[in-house]
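Trainee: Quick one: the structure is below, questions incoming.
2 protein chains.
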Amino acid sequence: MARVIFQPSGIGVDVPEDTLLLEAARTAGVEIEAACGGRGACGKCVVRIVAGQADGSPSLGVLTAEAVAGGQVLACRTRVPAGGLTVEVPDAAGREGGRIAGGDETDLVAGELLPRKWEYEPLAVKWRVRVAAPRPEDGLSDLDRLTRGIQSDWGPAPVHVPLNVLRTLADAIRAAEGLVTSTLIREAGALHVIKVEPGDQTARHFGVAVDIGTTTVVVQLVDLTLARILGTRSDYNDQIACGLDVIGRINYARRAERLEELRTRVLGTVNRLLLQVTAGAAVEPHEICNAVVSGNTTMMHLLLGLKPEYIRIEPYVPTVHTVPYVTAAEVGIGINPESWVCCSPCVGSYVGGDITAGLLCTDLATDTEEINLFIDIGTNGEMVLGNRDFLMTCACSAGPAFEGGGIGCGMRASVGAIERVEVDAASGMPTCATVGNVPPKGLCGSGMIGLLANLLRTGWIDAGGKLNRARPSRAIEVDGRRARYVLAPAEASGRDGPIAIDEIEIESIVRAKAAIYAACRLLLQHAGIGFEDLGHVYIGGGFGRYLDLEQAKVIGLVPDLPRDRFHYVGNSSLMGSYIVLVSQDYRRRQLTLAGRMTYVDLGADPGYMDQYTAALFLPHTDASLFPNVRSLLERT
Amino acid sequence: MARVIFQPSGIGVDVPEDTLLLEAARTAGVEIEAACGGRGACGKCVVRIVAGQADGSPSLGVLTAEAVAGGQVLACRTRVPAGGLTVEVPDAAGREGGRIAGGDETDLVAGELLPRKWEYEPLAVKWRVRVAAPRPEDGLSDLDRLTRGIQSDWGPAPVHVPLNVLRTLADAIRAAEGLVTSTLIREAGALHVIKVEPGDQTARHFGVAVDIGTTTVVVQLVDLTLARILGTRSDYNDQIACGLDVIGRINYARRAERLEELRTRVLGTVNRLLLQVTAGAAVEPHEICNAVVSGNTTMMHLLLGLKPEYIRIEPYVPTVHTVPYVTAAEVGIGINPESWVCCSPCVGSYVGGDITAGLLCTDLATDTEEINLFIDIGTNGEMVLGNRDFLMTCACSAGPAFEGGGIGCGMRASVGAIERVEVDAASGMPTCATVGNVPPKGLCGSGMIGLLANLLRTGWIDAGGKLNRARPSRAIEVDGRRARYVLAPAEASGRDGPIAIDEIEIESIVRAKAAIYAACRLLLQHAGIGFEDLGHVYIGGGFGRYLDLEQAKVIGLVPDLPRDRFHYVGNSSLMGSYIVLVSQDYRRRQLTLAGRMTYVDLGADPGYMDQYTAALFLPHTDASLFPNVRSLLERT
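Chains as they are written, first to last, in the working numbering: chain A, 1 to 636; chain B, 1 to 636.
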């Protein structure tokens with residue numbers, strides 16, 4: 001074993017020789033970003049060696065020879081030598097970057113949509129049971145007496161006790177004179193006992209909401225006695241190393257051992273976040289007896305180890321839409337092994353549980369006559385349009401740009417991310433605000449939208465996304481045919497080097513917004529309505545707490561509607577999971593919604609590519625679609 | 001790795017250096033007996049080193065220095081050196097000793113008690129399902145279509161598919177144009193799918209009946225399409241090393257890691273026998289989707305990893321009597337992991353599933369007015385008395401003598417066991433018949449009974465079990481105060497040394513028979529009847545196919561009743577398991593029987609020790625209880 005010490009925290013860990021430094025950091029609970037999933041491509045996991053000898057050469061190519069000579073290495077490429085290492089993680093945010101700024105986004109969802117206190121009803125409930133003392137003359141075993149104790153409160157339903165719980169029973173019911181706390185699930189007329197603890201343990205009752213995105217995974221710990229969020233942690237999905245989008249992952253999974261690798265990778269991410277979020281709240285993972293998981297159809301298949309191949313092969317039929325209850329042990333999630341995992345239902349190959357969860361954060365889940373639109377912006381973009389009479393849905397591939405993927409300085413909306421950017425019209429110079437008010441480490445999705453909108457308004461980029469080379473600005477660096485916009489020079493940035501975005505990266509963002517806008521427009525055409533007919537537009541996505549929808553309108557990501565029609569609901573997949581976690585009634589509503597949704601296949605629609613191409617302008621080729629943005633741009 | 005070759009079979013195996021030779025043999029599938037569970041105490045695992053160098057000194061004490069010098073070692077005490085070994089297993093029976101002679105004991109059970117063909121109904125059935133082709137427009141997933149296919153035949157019951165089966169679904173339903181074979185369990189109004197295979201696989205449908213005794217474990221493979229027994233294998237329970245009887249095991253299990261050790265040991269035995277019996281019938285273990293397990297209450301607790309401690313602590317209340325269905329994966333039995341394991345119900349701490357299974361082999365399971373007695377002879381002896389109106393039961397500790405435990409030359413009723421012994425009245429010399437007609441390796445329970453009965457009849461032992469020293473016989477060797485009876489000299493025996501039994505060992509057998517007779521007598525007293533009131537007496541036990549009940553009467557193991565009242569039913573725990581395995585209707589009868597049985601605690605009865613002491617004579621202190629035996633003995 002070799003010892004690794006992480007500075008400035010001073011956290012130490014013993015790992016086998018030759019362990020990757022990135023793994024050592026994860027073992028130690030020290031978070032280091034690895035947007036590329038540890039492939040050595042993104043350069044975000046750079047650390048500096050303070051003491052010890054490590055081979056830095058595998059980091060070359062991404063890091064300069066000077067950087068490596070200065071002790072800098074990629075944590076995902078560097079192995080721990082027998083003598084151990086002391087390394088410095090670039091800034092203090094390294095240890096707390098996993099916490100999404102204001103992870104508690106409940107206040108982004110309209111209060112009337114959230115479950116009321118009297119609706120709190122998690123799948124598994126904790127229940128005090130008084131078990132009769134053992135007596136030979138009644139011929140009752142421990143199990144018989146527990147069963148009778150439960151039935152005396154819950155009626156004569158069959159009581160199921162799995163073997164793992166049976167193994168704890170003899171001692172549990174003898175420890176506190178027969179008083180035990182049973183964790184119970186009532187389902188289809190039967191009672192399932194998933195845990196028995198001695199004494200009264202009803203005060204400690206926990207659940208997790210899990211959002212599995214193609215790019216980002218978020219785990220939220222909830223105290224179920226009060227439906228209170230105790231903590232939220234996010235990280236890149238470790239599957240990224242195997243493909244950036246769902247198609248890449250499906251292709252990767254074609255060999256059985258690679259499907260197993262993908263399954264293990266995403267479980268690794270989920271379980272790592274579980275350990276972080278529980279440690280932060282002084283909860284033991286095995287105390288968690290409820291889990292709700294939402295993700296797109298491919299992510300759900302990969303998490304469960306189901307072959308995803310047929311999702312992308314005609315006729316595009318997945319193994320499951322509505323995943324049956326499965327135990328945490330079967331799935332491999334590191335909570336109480338007998339817990340049932342509740343997966344949000346999928347609607348089709350490309351509209352998954354993230355959308356049926358997200359819908360719960362919008363008026364589309366209510367009995368309204370008004371037609372509303374819900375847009376979920378992730379690596380895939382999904383839209384739902386409808387009211388109480390109909391629900392139509394479609395999906396498009398946006399790519400991971402808004403989550404920091406494929407953008408050199410891109411990052412999630414975690415501490416150090418630039419989330420707002422002002423651009424000085426005269427000088428072109430930026431003013432940045434970061435999550436947590438620390439020196440900037442990178443640019444998150446909301447920062448990208450703000451940056452592009454403000455560059456456009458101030459004339460520093462044109463409608464094609466090209467930087468203005470005609471006017472000199474210290475913020476614009478031109479190198480031959482390539483130009484880049486510098487948000488923070490190396491000396492002002494919280495990372496090794498300047499924070500900048502080049503024109504090719506701007507193109508990625510434009511393509512992402514074009515895919516989403518085109519899909520929305522086509523979905524409305526299918527319904528025979530225009531944007532002006534919409535009552536409300538809900539935007540979900542992993543932008544953290546902050547997304548300026550006026551700016552999103554300026555770049556043509558969302559339609560040009562009055563401000564009050566827009567509602568930013570944050571990570572709606574996570575929040576919908578939270579809602580289902582605290583209230584089974586919402587689970588039933590979710591299943592009903594999923595059953596009502598009609599899937600529109602954009603891939604089969606010849607108009608989609610035209611719409612997409614037309615949207616590859618800021619805000620759009622057809623400026624008449626954005627009259628208010630046009631007059632705004634003309635004014636400035 | 002080091003290579004070990006076993007002669008005369010020539011079977012070879014590569015094992016890590018320092019592996020115990022006994023383990024290497026098990027890995028290779030070469031059976032070597034180890035009655036003491038590998039503690040180096042019984043000396044039965046002796047092998048001879050033909051090539052290679054091994055340290056024989058750990059075998060000293062049990063083997064003589066000469067034997068060790070001659071290359072003989074105990075397989076349980078000898079480690080494989082880096083250079084490998086070639087060893088000779090004493091006789092050819094070494095490879096087939098695991099097969100109980102005539103393992104198919106169905107013919108010992110009266111035909112009218114066995115399920116009829118129209119009653120064949122295993123817990124899990126195989127069912128051909130035609131799954132509709134995938135079509136995007138119907139919005140049905142693979143799971144939805146499988147569910148509909150099953151429901152079209154079985155009605156609208158909920159269909160449960162566990163995650164392991166879901167993982168195979170996508171390919172299975174596409175492989176044979178939608179034709180699949182589902183293995184289904186119907187339980188409490190729901191359908192559980194435990195396997196899905198492409199095409200028509202209904203012809204291959206297998207189950208196992210498992211009898212877990214304190215001393216012996218038996219696994220029987222059954223072709224469920226015809227209820228035909230394909231093979232039976234038995235071996236000593238690996239737990240023996242941790243205690244010879246249930247009290248010893250319960251004491252051993254007081255620390256959690258030792259309970260886990262006991263669980264792992266018995267699973268090791270079961271799974272080893274499973275591999276042997278399936279290999280012999282060209283069946284893969286994962287093709288087995290039904291299992292019925294019977295054993296006493298302690299054995300069931302240890303198999304399932306349930307704390308057995310409270311079985312022997314007042315008020316003697318175990319964790320379970322009727323074990324709920326558990327999956328093979330939960331238990332750790334190496335068959336299809338989603339198979340449900342059906343455990344025979346226990347009645348009390350000392351009357352277990354072996355008895356409720358055994359009862360099915362007797363008239364006590366039928367609607368008869370006649371009062372019958374069932375005696376199951378094992379390490380514990382259990383009795384059931386009753387008719388259609390009442391069932392009383394009790395248990396006593398007999399010790400492992402009849403299964404070969406604690407007797408130097410004792411062995412199970414496997415190939416090479418002396419199962420019948422005649423004694424020449426004049427010379428005292430024995431004539432032995434062995435299972436499989438091979439040279440004798442040892443003496444099994446039925447041989448012990450025959451030997452003692454014939455020695456008594458011919459006057460070569462007295463009623464106290466002492467050998468007759470007054471008359472000279474070549475078969476009786478006297479060494480100071482100890483005398484022993486030689487069944488086979490070393491040169492005629494199939495093992496290393498003579499086969500003999502001394503007076504101390506004869507005492508063990510007398511104690512075993514006394515415990516059983518005393519318990520029977522007391523149980524009848526509790527019911528207020530005498531032996532003469534019995535219609536039938538059923539004897540069960542692991543004696544193989546052969547038990548001479550007249551001889552059992554002579555030594556006072558069973559009451560002195562006319563011959564036609566006795567029925568030997570063989571290993572009734574195994575046969576009862578077989579019956580339940582092939583017919584769910586008998587499972588229901590078994591549960592009803594278990595519910596009707598009243599337990600009589602002999603330990604709490606002050607008369608038991610008196611009865612026991614009085615029975616420590618051959619046939620009994622009170623000769624008037626055995627009038628026919630007395631006149632027989634007086635005649636000869």
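Note that CB positions come from ideal geometry on N, CA and C, so glycine has one too.
For residue 119/A and residue 125/A, what's the separation of their Cα atoms in angstroms?
Mentor: C-alpha separation (whole angstroms): 13 Å.
Trainee: Could you check how far apart the C-beta atoms of residue 335/B and residue 347/B are, in whole angstroms? I think they sit under 8 Å.
Mentor: Incorrect: roughly 27 Å between the Cβ atoms, too far for contact.
Trainee: Examine the Cβ distances between the stretch 510-521 of chain B and the stretch 384-396 of chain B and report whether three or more of them are shorter than 8 Å.
Mentor: Yes: the two stretches touch, three or more of their Cβ pairs being nearer than 8 Å.
Trainee: Here's the rule: buried if 16 or more other CB atoms are within 10 angstroms of the residue's CB, otherwise exposed. What is residue 226/A?
Mentor: By the neighbour-count rule (16 or more Cβ atoms within 10 Å), residue 226/A is not buried but exposed.
Trainee: Could one say the Cβ of residue 139/B lies closer than 8 Å to chain A's Cβ atoms, at least one of them?
Mentor: Yes, residue 139/B lies at the interface with chain A (some Cβ there is under 8 Å from its Cβ).
Trainee: Answer with buried or exposed for residue 117/B, where buried requires no fewer than 16 other C-beta atoms within 10 angstroms of its C-beta.
Mentor: Label assigned to residue 117/B: exposed.
Trainee: Which chain A residues sit within Cβ distance under 7 Å of residue 167/B?
Mentor: Residues of chain A passing the Cβ test: 305, 306.
Trainee: In three-state terms, what does DSSP make of residue 285/B?
Mentor: Three-state DSSP puts residue 285/B in a helix.
Trainee: Just to confirm my understanding: we take residue 150/B, look at its own chain, exclude 5 residues before and 5 after, and list those with CB closer than 8 Å. What are they?
Mentor: 127, 129, 159, 182, 184, 191, 193, listed in sequence order.
Trainee: By the three-class DSSP mapping on this structure, what secondary structure does residue 7/A have?
Mentor: Correct three-state label for residue 7/A: strand.
Trainee: Within 8 Å (strictly less), CB to CB, does residue 603/A reach chain B?
Mentor: No - not a single Cβ of chain B is within 8 Å of the one on residue 603/A.
Trainee: Give the secondary structure of residue 484/B by DSSP, where H, G and I count as helix, E and B as strand, and everything else as coil.
Mentor: Strand, per DSSP.
Trainee: Residues in the same chain with beta-carbon distance under 6 Å from residue 97/A, minus the five sequence neighbours each way, listed in chain order, please.
Mentor: For residue 97/A, the pLDDT reaches just 37, beneath the cut-off of 50, and the residue's location in the model is therefore unreliable, leaving the point undetermined.
Trainee: So for residue 626/B, helix, strand or coil by DSSP?
Mentor: Residue 626/B falls in the coil class under three-state DSSP.
Trainee: Using 8 Å as the limit for Cβ to Cβ distance, is residue 16/A near chain B?
Mentor: No, its Cβ sits nowhere closer than 8 Å to a Cβ of chain B.
Trainee: Going by DSSP in three states, residue 361/A sits in which element: helix, strand or coil?
Mentor: Note: residue 361/A maps to helix in three-state DSSP.
Trainee: Cβ of residue 161/B less than 8 Å from any chain A Cβ?
Mentor: Yes, residue 161/B counts as interfacial toward chain A.
Trainee: Could you check the C-alpha separation between residue 57/B and residue 45/A for me, to the nearest Å?
Mentor: Distance between the alpha carbons of residue 57/B and residue 45/A: 59 Å.
Trainee: Using DSSP with H/G/I as helix, E/B as strand and the rest coil, what is residue 580/B?
Mentor: Residue 580/B falls in the helix class under three-state DSSP.
Trainee: For the alpha helix (DSSP H) containing residue 325/B, list its first residue and its last residue.
Mentor: Premise fails: residue 325/B is in no alpha helix (DSSP H) and is neither H nor E.
Trainee: Does residue 631/B come out as helix, strand or coil in the three-state DSSP assignment?
Mentor: It is helical.
Trainee: Going by DSSP in three states, residue 620/B sits in which element: helix, strand or coil?
Mentor: In the structure shown, residue 620/B sits in coil (DSSP, three-state: anything other than H, G, I, E or B).
Trainee: Taking just the CA atoms, how far does residue 78/A sit from residue 54/A?
Mentor: Approximately 7 Å, taken between the alpha carbons.
Trainee: Does the beta carbon of residue 500/A come closer than 8 Å to any beta carbon on chain B?
Mentor: Output row for residue 500/A: interface = no.
Trainee: Report the rounded CA-to-CA distance for residue 491/A versus residue 548/A, giving the unit in angstroms.
Mentor: Going by the C-alpha atoms only, they are around 28 Å apart.
Trainee: Measuring alpha carbon to alpha carbon, tell me which residue in 186/A, 407/A, 242/A is nearest residue 38/A.
Mentor: The option with the nearest alpha carbon to residue 38/A is 242/A.
Trainee: Could you check the C-alpha separation between residue 610/A and residue 473/A for me, to the nearest Å?
Mentor: Cα to Cα, the separation comes out at about 36 Å.
Trainee: Rounded to a whole number of angstroms, what is the C-alpha to C-alpha distance between residue 166/B and residue 180/B?
Mentor: Approximately 13 Å between the Cα atoms of the pair.
Trainee: I'd like the list of long-range same chain contacts for residue 553/B, defined as Cβ closer than 7 Å, with 5 residues on each side in sequence excluded.
Mentor: Closer than 7 Å at the Cβ level, and outside the excluded window around residue 553/B, lie 560, 629.
Trainee: With 16 other CB atoms within 10 Å as the buried threshold, where does residue 382/B fall?
Mentor: Under this definition residue 382/B is a buried residue.
Trainee: Would you say residue 550/B and residue 407/B are within 8 Å of each other, going by their C-beta atoms?
Mentor: In this structure, residue 407/B does not lie closer than 8 Å to residue 550/B by Cβ.
Trainee: What are the boundary residues of the alpha helix (DSSP H) that includes residue 571/B?
Mentor: Per DSSP, residue 571/B belongs to no alpha helix (DSSP H) and is neither H nor E.
Trainee: Under 7 Å Cβ to Cβ from residue 131/B, same chain only, skipping five residues before and after it: list those, please.
Mentor: These residues qualify, in order along the chain: 145, 146, 149, 173, 178, 180.
Trainee: Quick check on the DSSP output: the alpha helix (DSSP H) that includes residue 521/B runs from which residue to which?
Mentor: Run containing residue 521/B: 503-527, per the alpha helix (DSSP H) assignment.
Trainee: Looking at the secondary structure, which residues open and close the alpha helix (DSSP H) in which residue 127/B lies?
Mentor: Careful: residue 127/B lies outside any alpha helix (DSSP H), inside the beta strand (DSSP E) at 124-130.
Trainee: Excluding the 5 residues preceding and the 5 following residue 28/B in the sequence, name in chain order all residues of the same chain whose CB lies nearer than 8 Å to its CB.
Mentor: Closer than 8 Å at Cβ, skipping near neighbours: 4, 6, 11, 12, 13.
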